[in-house]
Every structure is written in C-alpha cells, then in structure tokens.
Amino acid sequence: MMSAFLKIIDGRSPLLWPVRLLLWLLSGPYRLVILWRNSRFDRGHRVVHAGVPVISIGNLTTGGTGKTPMVRYVAQWLRDCGIRVTLLSRGYGAEQGKPNDEALELERRLPDVPHLQNPSRVESATVAVEEFAAQILLLDDGFQHRFLARDLDIVLIDATCPFGFSNLLPAGLLREPVSSLARADFVIITRTDRVDTDTLANIRTVIRNANAQIPMAEFAHDVEGLENYSGTVIPCSELVGKKVLMFSGIGNHEAFRQLLTSQGIQIAGELEFKDHHHFDREDIESIVKQAQQYSVDAIICTMKDLVKIQVDRLRNVPLWALSVGLTPTVGKAELDQALGRIVNLVELDDS
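With this note's numbering, letter number 189 in the sequence shown gets 189, and the count goes up by one each step, no holes.
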C-alpha cells in the first residue's frame, strides 16, 4: 500500500533507516538511466512530431497530483474555444481491451472528447489526427513520455508533497530530478488550499531555482458535492453528523481523506486499495462487511472508483463519490495566455 511505503521514505521513523538506505542505493542506477534517457531525447533522438499542436500535462512525482481534474480543466477550456481535442494516455491499470478508471471518469465528464489509450502515444496521435481530425492533442501524464514532441509542457506540483521527499524512486517519489523542470514550459501548483503561505513560498523558490523564467499558476481543489452513479448530486452537508465509510484505489489516499474531513464528514472506517485497483467480489464484500461493522449511513469513494463499481448502493447502503474540481487562485491569466498561444497555432494551421 502507498501509505506503508510513505512511512518508510518520509524519514520520520529512525528504526526504518536500513530500509531507506537500501532504497537510496537502488535509486542510484535509476538516476543514471533517467539521465541517459533524457540526454538522448534532448538531442532529438526518436522524437516524433504529430503534425498538430500537442499539450502535455504531467508530473515530476509518482502518486496523485490532481492530474485528472487538470486534464478535464484544460480539455474543457479548449472545447470552449471550439477546438477539436483528443486525449492521449497510456491506459495504465486498464484491463485488456477496456478503458481504465481515468478514461471512464473523463468520459463521464467530457462525453464529446475522444480518449485514446495506448502505451505508444505516437500511434494514438496518428489515429487522433487521421480518424478524429483532432486539432490539438492533450497528452495525459506526458512529461516523461518524450517520444511525442509537444508545444506546451505543463508540469503539476502537488503542494502537499511537492518534491517527493527529495529523492528519486524508490527512495522517494521523484520520477526524475527537480532540475528537469528546466525543460518545462509551465508549472501548476495544485492543492494550494491544503498548505500555508510559507510552504507555498518555499515551493515557488525551488521551482524558480530550477527554471527562473517559467510561468506558474496555482489551483485549489474544490469539493463540488457527492454524486452517485446515476448522476444524482447532493451537498456534503447532507452527511455531516452521520457515520461514513470511505475507501479509495487512487495514488493519494491521504489527500482524499483530508478533503472529506474538511467538509465536516465523520469517517467511521476506511479501506485503502492500490492505485487503479480492479474491484472484485471479494473487495466489495470487504467494503460491505466494514460498512455493517460500523453501522454507517453511507459509503464514499472517489469518482475513479465509482465509475468501475457502477452501482448506487452496496447492500442497501448508499454509495457516493466525492466530486472534486479545480479553481485557479493565482496565475489564471498566464495559463490562459499559454493555452491561447497553442490555440493560435491551430488558427494559423487552418488559415
């Protein structure tokens, strides 16, 4: 489980230093591979141009940074401009021939935006342009996927764990060094509502040290309410004072818990599954068993979990998903300008 791994790498327990030392030693070869790989891409080796503008949204770290809501935000922004946009993702965690949880969630939110899942984003880019007549490609989790050239490289930084405990995998959560921000075009700091102003200032300083001129924006995560699979939406206040069981199969279970408690929801029990978890009958029975054990009034999961379970109730207990959106708090004009520059490329291509 991610929470157990975080307890090892966060450095708080002195008893776990032998394990941390081993992980730090293992991160050495990983660093060499990353540096070698990036040097090849920096020279343009095997980089393919799609023929239409590409926007990449990615991370420096593994785990949840709010990427799916941000992909939704940018895709909707482009659709509002009248742009034919297609999402490209790897499809991590998908069952054979089926969309993964992120694709199911985005399909629910953006039914008019095609979403192609393929480990080769180059292949799916060709399909998007030739078969869907895409004007802009939105590359999901694309910062490390450098085979496809991009016109705007956006990197998300989670304010609650911005730099992965300052170590590369597996000693930390960094996929590549913070210095890699030098090749980014735009940085968005997410979950800014969960940290204080001093923490935010320190994050900005680290980013500026890696890329002094990079434009930045900041987004808060806003709870929009609770939604069931049928689409009914209720305010979180309806469950305040009632007992709730929560569960999730995402990359940042702790952030999910914090969002719930920030709404005044009492959590009687919780279950944490691995990221992109496929729920089987045994999992559902475990959830129901805990719900009965704590005599809860409702069960709450994430939207990524709900779109896979696809029911409104579990043994007569209402099942709700926390609906989360993003609100820009700083730098919206700068982000609009960066996205507008890409839209102008489409207008130039069509002229």
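For each residue, glycine too, the CB sits at the ideal point set by N, CA and C.
Would the beta-carbon of V127 fall within 8 Å of that of L116?
yes
Flag this pair as yes or no: are the beta carbons of A184 and V47 separated by less than 8 Å?
no
Distance, Cα to Cα, Y30 vs A298?
44 Å
Buried or exposed for A291, going by 16 or more other Cβ atoms inside 10 Å?
buried
Am I right that I250 and A217 are in contact with their C-beta atoms under 8 Å? What's the rounded C-beta distance?
Wrong, their Cβ atoms sit about 23 Å apart, outside the cutoff.
Which residues in the same chain have their Cβ closer than 8 Å to the Cβ of A4, if we skip the five residues on either side of it in sequence?
none
Output the distance between the C-alpha atoms of A125 and S27, rounded to the nearest integer angstrom.
32 Å
CA-to-CA distance, F247 to I352, given in whole angstroms
Past the boundaries of the shown model lies residue 352; the chain is included only from 1 to 351, so the question cannot be answered.
Alpha carbon to alpha carbon, what distance is there between A159 and V346?
33 Å
Whole angstroms is fine: what's the gap from R281's alpha carbon to K304's?
18 Å
Reduced DSSP secondary structure (H/G/I, E/B, other) of L21:
helix
Excluding the 5 residues preceding and the 5 following R84 in the sequence, name in chain order all residues of the same chain whose CB lies nearer than 8 Å to its CB.
F132, A133, A134, Q135 and I136
Let me know the secondary structure DSSP gives T302 once reduced to three states.
strand
Under a three-way DSSP split, which group does D80 fall into?
helix
Just the C-alpha distance for K332 and L22, rounded to the nearest angstrom, thanks.
43 Å
Whose C-alpha, out of L32, F279 and E254, is nearest the C-alpha of N100?
F279
Quick one: give me the first and last residue of the beta strand (DSSP E) that Q258 is part of.
Run containing Q258: none in the beta strand (DSSP E); it sits in the alpha helix (DSSP H), H253 to S262.
Is F147 helix, strand or coil when you go by DSSP?
coil
Evaluate the contact criterion for the stretch 314-333 versus the stretch 66-74: three or more CB pairs, one atom per stretch, below 8 Å.
yes
Sequence-distant residues of the same chain with beta carbon closer than 7 Å to L271, five excluded per side:
F247, S286, I287 and Q290
What alpha helix (DSSP H) runs, 4 residues minimum, are completely inside the stretch 223-248?
none
Can you name, in chain order, every residue of its own chain whose Cβ lies under 7 Å from the Cβ of C236, other than the five neighbours on each side?
V223, G225, L226, Q263 and I265
Run of the alpha helix (DSSP H) containing S286, from where it starts to where it stops:
R281 to Q293
For V19, which residues in the same chain have their Cβ closer than 6 Å to its Cβ, ignoring the five residues on either side in sequence?
I8
For the alpha helix (DSSP H) that contains D198, what are its first and last residues?
T197 to A210
For the putative contact between R257 and G66, defined by C-beta atoms under 8 Å, what is the C-beta separation to the nearest angstrom?
The Cβ separation is near 15 Å, so there is no contact.
Could you work out which residue in K274, D275 and L260 is closest to A268 when comparing CA atoms only?
L260
The alpha helix (DSSP H) with L106 in it runs from where to where?
D101 to R109
Beta-carbon proximity check, A75 vs L138, cutoff 8 Å
yes
Which of helix, strand or coil does DSSP assign to V317?
strand
Proximity of L87 and V307 at Cβ, strictly below 8 Å
no
Within this structure, are the beta carbons of L60 and V178 separated by less than 8 Å?
yes
C-alpha distance - N228 paired with P162, whole-angstrom precision:
32 Å
Beta-carbon proximity check, H221 vs D198, cutoff 8 Å:
no
Under 8 Å Cβ to Cβ from I214, same chain only, skipping five residues before and after it: list those, please.
L181, A184, D185, F186, V187, I207 and R208
What are the boundary residues of the alpha helix (DSSP H) that includes S379?
This structure cannot settle anything about residue 379, because the visible part of the chain is limited to 1 through 351.
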